[in-house]
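Residue numbers (our numbering), protein chains in the order written: chain A, 1 to 347; chain B, 348 to 995.
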Ligand SMILES: Cc1ncc(C[n+]2csc(CCOP(=O)(O)OP(=O)(O)O)c2C)c(N)n1
Ligand code: SF4
Ligand SMILES: [Mg+2]
């Protein structure tokens, strides 16, 4: 995210000459298209755009975008991105990671890139499985997931990426899913946010965790099971017949029926992207009777890390000049004169 | 900043025959400020124009329980009127601030050496803590040495009384009292210390005055005590050195300055990623204060993030640098492989310490050589440069930067805990005396027939460096094997073969861009070559010098470029009948030499966390020479020029 002059491009301009090698039907294709559709919308400049990824199916992403790209090592993309942004804050950096890459081996770096608030977009492709290594359960897999390493169902409890991100101090949290037509809008908002923007994108791994998100992504259930968070608007779903209200007894959200569109009467809460408490409740909603919260859940910017580093540097170097000769001769020095050097014995 | 002209003068009160070199060890509790005392004594010694080397030796615990044997902190300094290259073997003078310090250090003292002890600390309680059954100052267990025991604690309290400090604070001035005495003994000027104290305690003038009073009292005590006891004033002549401006420098300072200079010579901003670890942290601490030179420092969440951020910065067009010691370097291994694979410049500084695992955090060792040369997955060769001394670390850091940017490769710079903490006089170089090696980035498409070729190699096998942000040169890089020139993913068998060969050839080719190996002492061929690398330089050099004085046909070769090795080193070694490799590990460089040159290199190992003593290496050398008393079974035939050992 930067303040460069917008550049006119088309979706085609963002397609690299590399053959895309995901499995046919993989949700990654749709995400790639959504990103390539978003980039012209935001006036992104290919020469200033850098996609940085870790390792996993999802992390192959940079090869397919006609911009600068760095496919790094497993879990560490946030650290590379931090170095890139500190070296050149003008670059527009997108991070691509998976649930294994970003939550398992790289969980530590995900936490720190968020709390530092490095100005970049972090897209976590959550397919609830390790795709590239052939389908082992991941830190987001639901308990009971059958996989080569959990033949009778996994026993660990999953982590919630958005809750983890909020807990790490993220100032922007959004959710979307691969085939959602609204994904570009979510990405646009992430890009507009100054600071680390965390986007969890549910992604269908057709080979190892097929249709895992059908219970809320399928067309026929979508209305009933998705609540789209729009700042300043009531949290309604099921075509406006249901809403999310605050249960004051338990200090949690509850689903309420809305009669004749009178959401106010039903006590439906109005979404406020700056309300951190609400964001916590929305990302923690136990899917089941509740809908899946999607869209921009939280967006409350704070100064960026690289901005702070630049300011800190300015403070540290105030009044100093870069004179190497002076630096080398710092501290207490003494001079050996010609006459002292002339006598004596050295071997 | 005082600029002092060293003067060579002989005072009436000074001993008649000035010694060539003196070794003093200050030892006390870790809370006694011994490192500070040692550091200030070093400075005044340097200002007096002596050459010197120091060895700070402190416990790993920040605040070890008071008075215990493992809480002893010591600082040794060797200074003299000759070139000094080690901190010295056996001290001539031991200053022991408590029974534990005496117990831990007295056996190292030369027979006939002087012990100065603070009786104020030799209480029953402290004697117990030091596991002394009787007071060594009162029995005859110290008969081998001259002992000067008096109540430094009481004398200090007396001296600082007018300043109204609490008892604890007042006793903290003990180290300055002791320093005052030492300054008197070695005929040193007090003024620089007084200036330093005033500056250090600028916010608290009472403390400054109290410390100065303690310093003066210690000095005055010398004047009076001289008449009675074994205390003698010694004057060590200044060493005749090249004319010019000098300062003292520690290895950590030299590395920091060298990195800054290297980045300036490359005409690049520097990005330094680090995570605190002993003894590497000092470099991060130093660089934070040098940001006006285009330095960005980043305290990462771990060593992995530190190196990854540095690689990210290199990718974005800065000189990425990261630094750690053994355990942290182990964590960085995978990322180093990525830098090898993506062919990005990077400098990795390894301040080695005793290992494996946490090992000996505050002690020195050279046991990460395998890790540096071989320690990554895949064929991931990278150049390795090793500093021999604190001052040498400056040039080595520049050299590491140069190789990294000229060959688009990660380079490892090896120092160790000893080099990092020790200080020595350094002739301040003129920045203009270093040849710049400005970097040029690729600005225009290098492929008339299509997309940019980010992995198109030049004659030396080096790829272009392309900054994101450059118009029209968009491309993707990564850790997966890549096609020739294009850098696009390509796992074809012939491609991996060709790229593996190309990466190896590029690093091997660095050998042509480094100076040929020299012999730093002795002939270019002969009976025995003592081959070292890194901080063993000092003891090897002195041992070889002494052996040569006794007529032994031995040369000292010290290798800076540990990987790739200088092209002529193999032939050079073959000119010697025997090759001895002293190392503070179990023989790692020996293995590299055997492997590269099929020479019969013999190891001389030391892994006690302490640097080699000169005598240890001297003895190993002597064992090669028949006819030397005590070494009748020497392996090498009698050397015609050999002289009888005068000391035997
Ligand atoms: C250090 C390291 N450990 C393990 C691997 C193997 N590995 C590659 S990708 C991956 C998991 C990827 O899962 P995820 O991040 O969810 O990505 P997906 O393939 O599902 O998109 C693993 C374990 C590796 N490449 N590097
Ligand atoms: S394994 Fe799954 S995530 Fe990976 S490419 Fe195939 S479908 Fe996509
Ligand atoms: Mg996954």
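Yeah, the Cβ is synthetic: ideal placement off N, Cα and C, and Gly gets one too. Keep in mind the model is a prediction, meaning the values are calculated, not measured.
Can you list, in chain order, the residues of its chain with a C-beta nearer than 7 Å to that of residue i? Leave out the 5 residues immediately preceding and following it.
{"i": "residue 987 (chain B)", "result": "Residue placement at residue 987 (chain B) is poorly supported in this model, since its pLDDT is 40, which falls under 50; the coordinates still yield a value, given next. Cβ neighbours of residue 987 (chain B) beyond the five flanking positions: none."}
{"i": "residue 150 (chain A)", "result": "137"}
{"i": "residue 1040 (chain B)", "result": "In the structure displayed, chain B extends from 348 to 995; residue 1040 (chain B) sits before or after that span and is not available."}
{"i": "residue 72 (chain A)", "result": "52, 53, 54 and 80"}
{"i": "residue 302 (chain A)", "result": "117, 171 and 195"}
{"i": "residue 16 (chain A)", "result": "63, 64, 65 and 66"}
{"i": "residue 13 (chain A)", "result": "46 and 66"}
{"i": "residue 25 (chain A)", "result": "206"}
{"i": "residue 664 (chain B)", "result": "788 and 814"}
Looking only at its chain, what residues have a beta carbon closer than 6 Å to the beta carbon of residue i, apart from the 5 residues adjacent to it on each side?
{"i": "residue 356 (chain B)", "result": "Only weak support is given to the placement of residue 356 (chain B): the predicted model assigns it a pLDDT of 30, under 50, and the value that follows is read from those uncertain coordinates. Correct list: empty, nothing qualifies."}
{"i": "residue 350 (chain B)", "result": "Note on residue 350 (chain B): pLDDT 27, under 50, position unreliable in the model; the coordinate value appears next. Cβ neighbours of residue 350 (chain B) beyond the five flanking positions: none."}
{"i": "residue 43 (chain A)", "result": "6 and 7"}
{"i": "residue 765 (chain B)", "result": "711, 882 and 958"}
{"i": "residue 667 (chain B)", "result": "618, 657, 658, 660, 661 and 693"}
{"i": "residue 436 (chain B)", "result": "960, 961 and 962"}
{"i": "residue 788 (chain B)", "result": "812 and 814"}
For the alpha helix (DSSP H) that residue i lies in, which residues bound it at each end?
{"i": "residue 265 (chain A)", "result": "263–266"}
{"i": "residue 465 (chain B)", "result": "Counting along the chain, residue 465 (chain B) falls outside any alpha helix (DSSP H), though it belongs to the beta strand (DSSP E) covering 461–465."}
{"i": "residue 524 (chain B)", "result": "521–532"}
{"i": "residue 633 (chain B)", "result": "628–635"}
{"i": "residue 29 (chain A)", "result": "27–41"}
{"i": "residue 886 (chain B)", "result": "884–896"}
Who pairs with residue i in a beta bridge, going by DSSP?
{"i": "residue 671 (chain B)", "result": "B:697"}
{"i": "residue 825 (chain B)", "result": "A:71"}
{"i": "residue 836 (chain B)", "result": "B:829"}
{"i": "residue 641 (chain B)", "result": "Per DSSP, none; premise fails for residue 641 (chain B)."}
{"i": "residue 807 (chain B)", "result": "Looking at the DSSP assignment, residue 807 (chain B) forms no beta bridge with any residue, so it has no partner."}
{"i": "residue 372 (chain A)", "result": "Outside the displayed span of chain A (1 to 347) sits residue 372 (chain A), for which this structure offers no information."}
{"i": "residue 593 (chain B)", "result": "A:334 and B:774"}
{"i": "residue 150 (chain A)", "result": "A:147"}
{"i": "residue 651 (chain B)", "result": "Beta-bridge pairing links residue 651 (chain B) to no other residue."}
So residue i is in the beta strand (DSSP E); what residue range does that whole segment cover?
{"i": "residue 617 (chain B)", "result": "617–621"}
{"i": "residue 200 (chain A)", "result": "197–202"}
{"i": "residue 1064 (chain B)", "result": "Not covered by the structure: residue 1064 (chain B). The range shown for chain B is 348 to 995."}
{"i": "residue 17 (chain A)", "result": "Looking at the DSSP string, residue 17 (chain A) is not in any beta strand (DSSP E), and its letter there is neither H nor E."}
{"i": "residue 310 (chain A)", "result": "That residue, residue 310 (chain A), is in no beta strand (DSSP E); its alpha helix (DSSP H) goes 305–317."}
{"i": "residue 226 (chain A)", "result": "226–229"}
{"i": "residue 739 (chain B)", "result": "It is not in any beta strand (DSSP E) - residue 739 (chain B) instead sits in the alpha helix (DSSP H) that spans 739–754."}
{"i": "residue 297 (chain A)", "result": "292–299"}
{"i": "residue 173 (chain A)", "result": "172–177"}
{"i": "residue 115 (chain A)", "result": "Element bounds for residue 115 (chain A): not the beta strand (DSSP E) but the alpha helix (DSSP H), 107–116."}
Going along the chain, which residues of its own chain have a beta-carbon closer than 8 Å to the beta-carbon of residue i, five neighbours each way excluded?
{"i": "residue 732 (chain B)", "result": "743, 746, 747, 750, 758, 759, 760, 761, 907, 908 and 909"}
{"i": "residue 949 (chain B)", "result": "925, 926, 927, 928 and 937"}
{"i": "residue 562 (chain B)", "result": "523, 524, 526, 527, 530, 537, 540, 541 and 544"}
{"i": "residue 21 (chain A)", "result": "60"}
{"i": "residue 549 (chain B)", "result": "555"}
{"i": "residue 833 (chain B)", "result": "798, 800, 801 and 802"}
Is there a C-beta anywhere in chain E that falls below 7 Å from the one on residue i?
{"i": "residue 320 (chain A)", "result": "Among the chains of the structure shown, chain E does not appear; the protein chains present are A and B."}
Legend entry - Residues of the region 55–80 of chain A whose Cβ lies closer than 7 Å to any Cβ of chain B, in chain order: 62, 63, 66, 67, 68, 69, 70, 71, 72, 73, 76, 79 and 80
Inset, instruction - Can you give me, in chain order, the residues of the region 5–19 of chain A that have a beta carbon less than 9 Å from any beta carbon in chain B? - result: 16, 17 and 18
Inset, instruction - Give the residues from the region 380–399 of chain B that approach chain A closer than 8 Å (Cβ to any Cβ), ordered along the chain. - result: 390, 393, 394 and 396
Legend entry - Under 9 Å (Cβ pairs) to chain A, residues found in the region 816–832 of chain B: 816, 817, 818, 819, 820, 821, 822, 823, 824, 825, 826 and 827
Inset, instruction - Using a Cβ-Cβ cut-off of less than 7 Å, list which residues of the region 35–53 of chain A approach chain B; keep chain order. - result: 46, 47, 48 and 50
Legend entry - Proximal residues, the region 712–728 of chain B versus chain A, C-beta separation under 7 Å: none
Legend entry - Every unbroken beta strand (DSSP E) within the region 908–976 of chain B, with a cutoff of 3 residues, ordered by chain: 908–910, 923–930 and 948–952
Legend entry - Positions along the region 115–147 of chain A whose CB lies within less than 8 Å of some CB in chain B: none
Inset, instruction - Pull out every residue of the region 621–638 of chain B whose Cβ sits closer than 9 Å to any Cβ of chain A, in chain order. - result: 635, 636, 637 and 638
Inset, instruction - Could you name the residues of the region 662–680 of chain B whose beta carbon sits closer than 9 Å to any beta carbon of chain A, in the order they occur along the chain? - result: 662, 663, 664, 665 and 667
Inset, instruction - Pull out every residue of the region 541–572 of chain B whose Cβ sits closer than 7 Å to any Cβ of chain A, in chain order. - result: none
Inset, instruction - Would you mind listing the alpha helix (DSSP H) stretches within the region 441–525 of chain B that are 4+ residues and don't spill past its ends, in chain order? - result: 446–452, 471–476, 499–507 and 514–518
Legend entry - Contact residues within the region 592–626 of chain B, judged by C-beta distance below 8 Å to chain A: 592, 593, 594, 595, 604, 607, 608, 611, 616, 618 and 620
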